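As structure tokens, the structure follows; a few thoughts come after it.
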Amino acid sequence: MNNIKKDGVAIIGAGLGVGPLSHGTIECATGTALALALHQKSIPCRIYEGRSADADILTSGVVLTPNGCRILDDLGVLSRIKPKSFLFEDSITKNSEDQTLDTMKLASKEVYGYPAYRLYRLALLQEMKQMLAEREVPIYFDAKFEKIISDSPEDVTFLAGGKTEKAAVVVGSDGIHSTLRRYLTDLVPIYTGVFCVYGHIPTNSVEWPDKEFFASSCTI
């Protein structure tokens, strides 16, 4: 991989997911975060995203634990998303009778160095994409990874969006339906039988049951 400065790193997926790495195995928390980290080290990189540029939709929230906050702080992201986030330290579980069933300490700045934040996944993703645009790190949309054409110790030639591309390293961050995973393992995701139904409502439309929830974030 001596030619990494010339051919750079190709990241498959511009979302918030995990995936494999050609020339070894790795799990990348997010393709956009990896691109920001590589740019910090002056390593050229670009992202290939199968969806179009306007495909982002409002999805669920994401919790940033102290470890995640530390990484995002190192990348310069944390200060930009704080105004869009809800700060919390405890998770309180209640039943339908408003009885507290469990209280769990999730984070403490005094103990871990960082608190925990919760925000919309879309808000986090859009902010990191904006930072990549400011740093002129390219994201190629409508460029779904299709297959690896050849793989050597020096570079990887692959097909994405109908075009032949080459990179010193190819990293998969294309989520649970990764098309790159099959080059590393025969294992496939197995449905666990669990699914999530969610929606979004204004906080002022909820009658908060007690002071523990007042002006807070709540998952029902």
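The sequence shown begins at 114 in our numbering and counts up one residue at a time.
We put the CB at the ideal spot given by N, CA and C, even for glycine.
The model shown is predicted, which means the values in this text are computed figures rather than measured ones.
Check	Outcome
Length at least 3, wholly inside the stretch 256 to 300: the beta strand (DSSP E) runs in chain order	258 to 264, 269 to 273, 276 to 280, 282 to 285
Continuous alpha helix (DSSP H) stretch holding residue 194: start and end	191 to 194
Neighbour-count burial assignment, residue 182, 16 or more Cβ in a 10 Å radius	buried
Beta-carbon proximity check, residue 188 vs residue 230, cutoff 8 Å	no
Residue interval of the beta strand (DSSP E) (run including residue 206)	203 to 207
Beta-carbon proximity check, residue 302 vs residue 289, cutoff 8 Å	yes
Limits of the beta strand (DSSP E) - the one that residue 175 falls within	174 to 177
Assigned exposure category for residue 263 - 16 Cβ within 10 Å defines buried	exposed
Residue 309 - DSSP class collapsed to helix/strand/coil	coil
Test item: CB-CB of residue 268 and residue 280 under 8 Å	yes
Euclidean distance between Cα positions of residue 240 and residue 205	29 Å
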